[in-house]
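Everything in the sequence shown is counted per the working numbering, starting at 1 for the first residue and increasing by one. In what follows, a single structure is set out as structure tokens and then discussed.
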Amino acid sequence: MKIHRLYQKYQSGLKMFLMGMGLLTMLSCNKDFDNRLDLTLKPDSLAGYKAPKILYIIVDGARGTVINTIQAPNLTAISENALQTFNGVSDENGLSATSWADMLTGFNKIKHKVTKADFSGNNLTNYPMFFKQLKQNNAALRTVAFSSTPAFSQNLVSNADVNQNFSNDDVAVKNALVNELKNVRADVVLAEFNSVDRAGQQYGYDGSVAQYSGAILNVDTYIGEAINTLKQRPDYEKENWLVIVASNQGGNFPVPPAQNDGTLFSKPLLNSFAILYNPRFSFQYYARPNTMELPFEEKGVVLHGDTIARMPAAKAAAYNFGTTGEFTVEFKLKVLRFPYLMDKSTPTNRSGNAPILFKSASPANSSTGWWVIHSGVDGNWRLGGLPASIMVSNQPPLKLNEWYTLGFKIYNQNSKRWVMIYQDGVKAYPNPVDITNRNVNNNEDLVAGFRSGFGNTTEQIIADIQIYNTAIPDEFIAANACKTAVKSSNPYYNNLIGYWPATDGVRGIFQDKSPSKNDFALEKSYAWVPFSDYSPKLCVDLADDIYTRIPNGIDIPSFIYAWMNVKTINLGLDGKTWIPVYKDVKP
Numbered sequence: 001m002k003i004h005r006l007y008q009k010y011q012s013g014l015k016m017f018l019m020g021m022g023l024l025t026m027l028s029c030n031k032d033f034d035n036r037l038d039l040t041l042k043p044d045s046l047a048g049y050k051a052p053k054i055l056y057i058i059v060d061g062a063r064g065t066v067i068n069t070i071q072a073p074n075l076t077a078i079s080e081n082a083l084q085t086f087n088g089v090s091d092e093n094g095l096s097a098t099s100w101a102d103m104l105t106g107f108n109k110i111k112h113k114v115t116k117a118d119f120s121g122n123n124l125t126n127y128p129m130f131f132k133q134l135k136q137n138n139a140a141l142r143t144v145a146f147s148s149t150p151a152f153s154q155n156l157v158s159n160a161d162v163n164q165n166f167s168n169d170d171v172a173v174k175n176a177l178v179n180e181l182k183n184v185r186a187d188v189v190l191a192e193f194n195s196v197d198r199a200g201q202q203y204g205y206d207g208s209v210a211q212y213s214g215a216i217l218n219v220d221t222y223i224g225e226a227i228n229t230l231k232q233r234p235d236y237e238k239e240n241w242l243v244i245v246a247s248n249q250g251g252n253f254p255v256p257p258a259q260n261d262g263t264l265f266s267k268p269l270l271n272s273f274a275i276l277y278n279p280r281f282s283f284q285y286y287a288r289p290n291t292m293e294l295p296f297e298e299k300g301v302v303l304h305g306d307t308i309a310r311m312p313a314a315k316a317a318a319y320n321f322g323t324t325g326e327f328t329v330e331f332k333l334k335v336l337r338f339p340y341l342m343d344k345s346t347p348t349n350r351s352g353n354a355p356i357l358f359k360s361a362s363p364a365n366s367s368t369g370w371w372v373i374h375s376g377v378d379g380n381w382r383l384g385g386l387p388a389s390i391m392v393s394n395q396p397p398l399k400l401n402e403w404y405t406l407g408f409k410i411y412n413q414n415s416k417r418w419v420m421i422y423q424d425g426v427k428a429y430p431n432p433v434d435i436t437n438r439n440v441n442n443n444e445d446l447v448a449g450f451r452s453g454f455g456n457t458t459e460q461i462i463a464d465i466q467i468y469n470t471a472i473p474d475e476f477i478a479a480n481a482c483k484t485a486v487k488s489s490n491p492y493y494n495n496l497i498g499y500w501p502a503t504d505g506v507r508g509i510f511q512d513k514s515p516s517k518n519d520f521a522l523e524k525s526y527a528w529v530p531f532s533d534y535s536p537k538l539c540v541d542l543a544d545d546i547y548t549r550i551p552n553g554i555d556i557p558s559f560i561y562a563w564m565n566v567k568t569i570n571l572g573l574d575g576k577t578w579i580p581v582y583k584d585v586k587p
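Here it is in structure tokens:
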């Protein structure tokens, strides 16, 4: 289970995954899936019917990363035939009670309302643990639970034929578990061990702590004994056991700064693991998603020729900046091709100016209106119209296929009105330019892209266009220029008078996300083109689903229901169903 080995096996497992998906596709022709995965063997399968059964073991306080590194022999052995992760994330409130409830109900805390250590105010009556659904599906099913933590047994376990608690005695839990697995009537068996958590609380939650790693190895021997007992059952070959070993969460421990990416993945308290084992499963490993170098992934429109984004003058009047008031304009730009007005076949023969964003009848020439353009000669960009003289950026020239954050700010100071331009959050002109009493209002459209006669062959993508009715402080501009989206938590969010992510991906508009609702309309033969670009100059927010890209405890009930052929379409579970890869071709 070493990390480097897991990645090697992950690559080979990917091939098996594709085979498994093909298998599931064939099976779906003959099976009723009704929005839930049926993992059981049917009487008409090649292997014959095997009764589905569950062994579910919860190891409190076992950090996934530690489990992955200390090489506990029995967990290592079953990992060869398991769907697994050591990078799970339990509920961010860090309460054992909440993570237990997630793992047993398949619902989040919004529904089950287990948000306090004493379970007060819970809603487990309406969102009970998974035993209830199993019993409703098959009343004859034997459900058994053994636990070390009294609160676990008293508050969470319901609809159990046997519910025994052994008050912090993991050995007693193990003995009861082994005896139950010798019982020919055993169907669904749940066990909770807490000695690892107790060791972590006393000595520290890390593999370098002998008492903590020793406690994990002790519980590993209990797991090994349980699995060996299970395999010695007289009817084992007629049974189809799913073995689940998972932790509710990890435990607090210092994280080296170089390993802390500021996400929940870097919080040892929330770091859990899950191993779902069956002898017929292939190796499947879900690694921690990359959170350190996130790409800017969206869909954009390549503006070129007559493919532009236009806002009609009536709406664009909102972006006449007049002679009073303060404003900030910012956007992101990636140039794919500079303008070529002479020999287009010669990449070095660049010439001409290409408009980026403008409200002017004649960008680069007119003093009525405002405009931002870049040069095909040297890659520099400039702001015109607002200042009487063009402001040319003194920052490094634009290069092809790189993202830049460009913009300008109009502000009042010392009874005068000024403008300053910015590139990647840095002032891009030696000194602010006085625009006091300068009025460049007009009745022109607001346009992103081409204007006839300028930069005809330019190809560029514009995104994250923001216009505020306030002068944002330089410090904030510098600190936030890297961000690729404006969130409602932004302190200047309510000052937006225009916000166009320009990454809509559908329809022929750049939709205005601000209250102004002044959309750009796309013209001519536009197309939404996906892009995925990493740049150290960009700081991309984590995807909304980043923590659900790997199996978590809340997903386990969904897998159990699928294994036991329980329909879940109307349950509204919050967990995902993960598809195992089989190492053979039997259904």
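All C-beta atoms in this analysis are idealised placements derived from N, C-alpha and C, irrespective of residue type, glycine included.
Asked: Which whole-angstrom value is the C-beta distance of LEU95 and TRP241, which I expect to be below 8 Å?; Found: 31 Å between Cβ atoms; not a contact.
Asked: Does the beta carbon of TYR492 come closer than 9 Å to any beta carbon on chain D?; Found: Looking for chain D here will not work: only one protein chain is present.
Asked: Use the C-beta contact count for THR346: other C-beta atoms within 10 angstroms, 16 or more gives buried, fewer gives exposed.; Found: In this predicted model, THR346 has a pLDDT of only 46, less than 50, meaning its place in the structure is not dependable; the value taken from the coordinates is given anyway. Result: exposed.
Asked: Within 8 Å: the Cβ of LYS513 and any heavy atom of the ligand NAD?; Found: No copy of the ligand NAD appears in this structure; indeed no ligand is present at all.
Asked: Grouping DSSP H, G and I as helix and E and B as strand, with all else coil, what is GLU459?; Found: strand
Asked: Pick from MET564, GLN413 and ILE579: whose alpha carbon is nearest that of LYS132?; Found: MET564
Asked: Expressed to the nearest angstrom, what Euclidean distance is found between the alpha-carbon atoms of ASP434 and TYR286?; Found: 57 Å
Asked: Just the C-alpha distance for ASP584 and GLY575, rounded to the nearest angstrom, thanks.; Found: 27 Å
Asked: Whole angstroms are fine: how far does the CA of TYR429 sit from the CA of GLY88?; Found: 48 Å
Asked: Tell me where the alpha helix (DSSP H) around ILE70 begins and ends.; Found: 64 to 70
Asked: Would you kindly work out how many angstroms separate the C-alpha atoms of ASN137 and TRP528, rounded to a whole number?; Found: 48 Å
Asked: Measuring straight from C-alpha to C-alpha, what distance separates LEU294 and ALA543?; Found: 9 Å
Asked: Helix, strand or coil for GLN202? Go by DSSP, reduced to three states.; Found: helix
Asked: Indicate whether the contact test is met: 3 or more Cβ pairs, each with one atom in the stretch 459 to 472 and one in the stretch 319 to 339, closer than 8 Å.; Found: yes
Asked: Do you know whose CA, among SER489, SER516 and ILE223, lies nearest ILE588's CA?; Found: Examination of residue 588 is not possible in this model, given that the chain is present from 1 through 587 alone.
Asked: How would you call ALA226, buried or exposed, if buried means at least 16 neighbouring beta carbons within 10 angstroms?; Found: buried
Asked: Report the residue ranges of all alpha helix (DSSP H) runs contained in full by the stretch 436 to 523; include only those spanning at least 4 residues, in chain order.; Found: 474 to 480
Asked: Assign THR324 to one of three DSSP states: helix, strand, or coil.; Found: coil
Asked: Identify which residue in ILE244, LEU264 and PHE152 has its Cα closest to the Cα of GLY251.; Found: LEU264
Asked: Would you call the stretch 432 to 447 and the stretch 415 to 424 in contact, with 3 or more CB pairs under 8 Å?; Found: yes
Asked: When the distance is taken between beta carbons, is GLN284 closer than 9 Å to GLN71?; Found: no
Asked: From what residue to what residue does the beta strand (DSSP E) around MET420 run?; Found: 416 to 423
Asked: Helix, strand or coil, according to DSSP, for ILE410 in the structure here?; Found: strand
Asked: Can you tell me whether DSSP reads LYS267 as helix, strand or coil?; Found: coil
Asked: Does LEU400 pass the burial test, meaning 16 or more other C-beta atoms within 10 Å, or should it be called exposed?; Found: exposed
Asked: Closer than 8 Å is the cut-off here; do at least three beta carbon pairs connect the stretch 101 to 110 with the stretch 551 to 563?; Found: yes
Asked: Which same chain residues end up closer than 7 Å to ALA512 when comparing Cβ atoms and leaving out the 5 residues on each side of it in sequence?; Found: Looking at the sequence itself, residue 512 is Asp, so the reference to Ala does not match. Closer than 7 Å at the Cβ level, and outside the excluded window around ASP512, lie GLY498, TYR499, TRP500, ASN518 and ASP519.
Asked: List the whole-angstrom C-beta distance separating THR590 from THR328, where the pair is believed to meet the contact cut-off of C-beta under 8 Å.; Found: This structure cannot speak to residue 590, because the chain is shown only from 1 to 587.
Asked: Nearest to GLY61 by alpha carbon, out of PHE86, LYS359, SER153 and ASP533?; Found: PHE86
Asked: Tell me which residues share the same chain as LYS174 and place their Cβ nearer than 6 Å to its Cβ, disregarding the 5 neighbours each side in the sequence.; Found: TYR222
Asked: Hey, how far is the Cα of ASN81 from the Cα of SER282?; Found: 5 Å
Asked: Beta-carbon separation of LEU522 and PHE510 under 9 Å?; Found: yes
Asked: Buried or exposed for ARG337, please, with buried defined as at least 16 other CB atoms from any protein chain shown within 10 angstroms of its CB.; Found: buried
Asked: Using C-beta distances below 7 Å, list every residue in its chain close to ASN570, excluding the 5 sequence neighbours before and after it, in chain order.; Found: none
Asked: Comparing C-alpha positions only, which one of VAL486, ALA502, GLY572 and ILE67 sits nearest to ILE275?; Found: ILE67
Asked: Look at GLY214 and ALA191 and say whether their C-beta atoms are less than 9 Å apart.; Found: no
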